[in-house]
Amino acid sequence: EDQVTQSPEALRLQEGESSSLNCSYTVSGLRGLFWYRQDPGKGPEFLFTLYSAGEEKEKERLKATLTKKESFLHITAPKPEDSATYLCAVRAQGNTPLVFGKGTRLSVIA
Amino acid sequence: EPEVTQTPSHQVTQMGQEVILRCVPISNHLYFYWYRQILGQKVEFLVSFYNNEISEKSEIFDDQFSVERPDGSNFTLKIRSTKLEDSAMYFCASSGRPRGTFNEKLFFGSGTQLSVL
Numbered sequence: 041e042d043q044v045t046q047s048p049e050a051l052r053l054q055e056g057e058s059s060s061l062n063c064s065y066t067v068s069g070l071r072g073l074f075w076y077r078q079d080p081g082k083g084p085e086f087l088f089t090l091y092s093a094g095e096e097k098e099k100e101r102l103k104a105t106l107t108k109k110e111s112f113l114h115i116t117a118p119k120p121e122d123s124a125t126y127l128c129a130v131r132a133q134g135n136t137p138l139v140f141g142k143g144t145r146l147s148v149i150a
Numbered sequence: 043e044p045e046v047t048q049t050p051s052h053q054v055t056q057m058g059q060e061v062i063l064r065c066v067p068i069s070n071h072l073y074f075y076w077y078r079q080i081l082g083q084k085v086e087f088l089v090s091f092y093n094n095e096i097s098e099k100s101e102i103f104d105d106q107f108s109v110e111r112p113d114g115s116n117f118t119l120k121i122r123s124t125k126l127e128d129s130a131m132y133f134c135a136s137s138g139r140p141r142g143t144f145n146e147k148l149f150f151g152s153g154t155q156l157s158v159l
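Protein chains in written order, with the working numbering: chain A, 41 to 150; chain B, 43 to 159.
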């Protein structure tokens with residue numbers, strides 16, 4: 041069974057304090073690993089898709105990386121507006137539906 | 043920027059009643075999805091829809107659920123006889139590319155919070 045585990049469940053950072061969120065996955069043949077941002081009461085907002093180990097993608101203060109077993113979302117010098125829940129999801133071979141992790145709830149304090 | 047629109051934002055219903063959740067996907071998208079998120083739980087896949095038919099559904103999507111694209115813009119999820127455990131946030135999503143293709147992006151709506159009493 042395809043599984044996605046995110047850690048930590050919650051993370052509290054001071055503004056400017058860089059950190060990383062982890063997404064460990066077990067899938068039968070990865071077809072894509074997706075990162076989404078979810079604000080309270082809103083739907084997930086697409087951030088990145090990664091397809092193969094070694095791939096990296098960046099957007100503003102966020103950088104996503106991928107290995108054969110996990111992905112990291114690095115947040116550099118975060119601001120309070122980066123506070124949100126960050127979701128990781130994987131798609132396995134056979135174009136199966138996205139399987140989501142529970143997310144990491146990030147709070148950035150000014 | 044184009045967005046997926048869902049109505050209503052909140053729906054309260056009595057157990058056993060029928061509800062219809064509505065979605066307007068992004069206009070040039072062809073692939074449509076419903077997901078749900080029970081409070082504190084993961085986002086879960088319900089159903090995917092393409093070319094006016096269901097392409098895949100999960101175990102959650104039993105005979106009480108149905109989807110329809112009644113016209114060129116709306117995409118609906120009907121729950122025929124709601125149960126307490128149907129209480130969740132329901133998200134509609136759409137994509138302009140087939141599932142699993144390169145650069146696929148799923149765009150989600152803001153959701154409908156369904157409360158079954």
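We put the beta carbon where it would ideally sit given N, CA and C, even for glycine. In this text, all values refer to a predicted model and were calculated from it rather than measured experimentally.
C-alpha gap between residue i and residue j, whole angstroms
{"i": "T154(B)", "j": "M131(B)", "result": "5 Å"}
{"i": "C128(A)", "j": "S123(B)", "result": "32 Å"}
{"i": "Y75(B)", "j": "A150(A)", "result": "37 Å"}
{"i": "H52(B)", "j": "G94(A)", "result": "42 Å"}
{"i": "R52(A)", "j": "F74(A)", "result": "23 Å"}
{"i": "L102(A)", "j": "S47(A)", "result": "17 Å"}
{"i": "S92(A)", "j": "L88(B)", "result": "27 Å"}
{"i": "V66(B)", "j": "L119(B)", "result": "12 Å"}
{"i": "G135(B)", "j": "F86(A)", "result": "Per the sequence shown, the amino acid found at residue 135(B) is Ala instead of Gly. In a straight line, the C-alpha of A135(B) is about 11 Å away from that of F86(A)."}
{"i": "E100(A)", "j": "Q54(A)", "result": "18 Å"}
{"i": "T45(A)", "j": "T143(B)", "result": "24 Å"}
{"i": "I96(B)", "j": "Y73(B)", "result": "10 Å"}
{"i": "L90(A)", "j": "Q59(B)", "result": "42 Å"}
{"i": "A132(A)", "j": "A117(A)", "result": "33 Å"}
{"i": "A104(A)", "j": "F88(A)", "result": "7 Å"}
{"i": "Q106(B)", "j": "R139(B)", "result": "29 Å"}
{"i": "G81(A)", "j": "N93(B)", "result": "30 Å"}
{"i": "G69(A)", "j": "V130(A)", "result": "10 Å"}
{"i": "E43(B)", "j": "H71(B)", "result": "14 Å"}
{"i": "L61(A)", "j": "R141(B)", "result": "26 Å"}
{"i": "R71(A)", "j": "E146(B)", "result": "11 Å"}
{"i": "I68(B)", "j": "P112(B)", "result": "16 Å"}
Residue i burial status per 10 Å Cβ neighbour count (16 or more: buried)
{"i": "F159(B)", "result": "Checking the sequence shown, residue 159(B) turns out to be Leu, not Phe. The residue is exposed, with fewer than 16 neighbouring Cβ atoms inside 10 Å."}
{"i": "I121(B)", "result": "buried"}
{"i": "S58(A)", "result": "exposed"}
{"i": "I80(B)", "result": "exposed"}
{"i": "S137(B)", "result": "buried"}
{"i": "G56(A)", "result": "exposed"}
{"i": "G134(A)", "result": "exposed"}
Residue from the options with nearest C-alpha to residue i
{"i": "E121(A)", "options": "L73(A), D79(A), R71(A) and L90(A)", "result": "D79(A)"}
{"i": "E86(B)", "options": "E98(A), V139(A) and V148(A)", "result": "V139(A)"}
{"i": "S123(A)", "options": "E98(A), G83(A) and T144(A)", "result": "T144(A)"}
{"i": "T49(B)", "options": "R64(B), E43(B) and G82(B)", "result": "R64(B)"}
{"i": "V54(B)", "options": "E110(B), F149(B) and D128(B)", "result": "D128(B)"}
{"i": "L148(B)", "options": "G82(B), S90(B), K84(B) and Q83(B)", "result": "S90(B)"}
{"i": "V148(A)", "options": "P137(A), L61(A), S60(A) and K119(A)", "result": "K119(A)"}
{"i": "R78(B)", "options": "N70(B), R141(B), P112(B) and S100(B)", "result": "S100(B)"}
Proximity of residue i and residue j at Cβ, strictly below 8 Å
{"i": "V46(B)", "j": "G151(B)", "result": "yes"}
{"i": "E41(A)", "j": "K142(A)", "result": "no"}
{"i": "Q57(B)", "j": "L156(B)", "result": "The question names Gln, but residue 57(B) is Met in the sequence shown. Result no, Cβ atoms of M57(B) and L156(B) do not sit closer than 8 Å."}
{"i": "F103(B)", "j": "G83(A)", "result": "no"}
{"i": "P137(A)", "j": "E110(B)", "result": "no"}
{"i": "L146(A)", "j": "Y126(A)", "result": "yes"}
Item checked: Three-pair Cβ contact test at 8 Å for the region 60 to 77 of chain A versus the region 109 to 119 of chain A -> As far as the Cβ criterion goes, the region 60 to 77 of chain A touches the region 109 to 119 of chain A, which means the pair count is three or higher.
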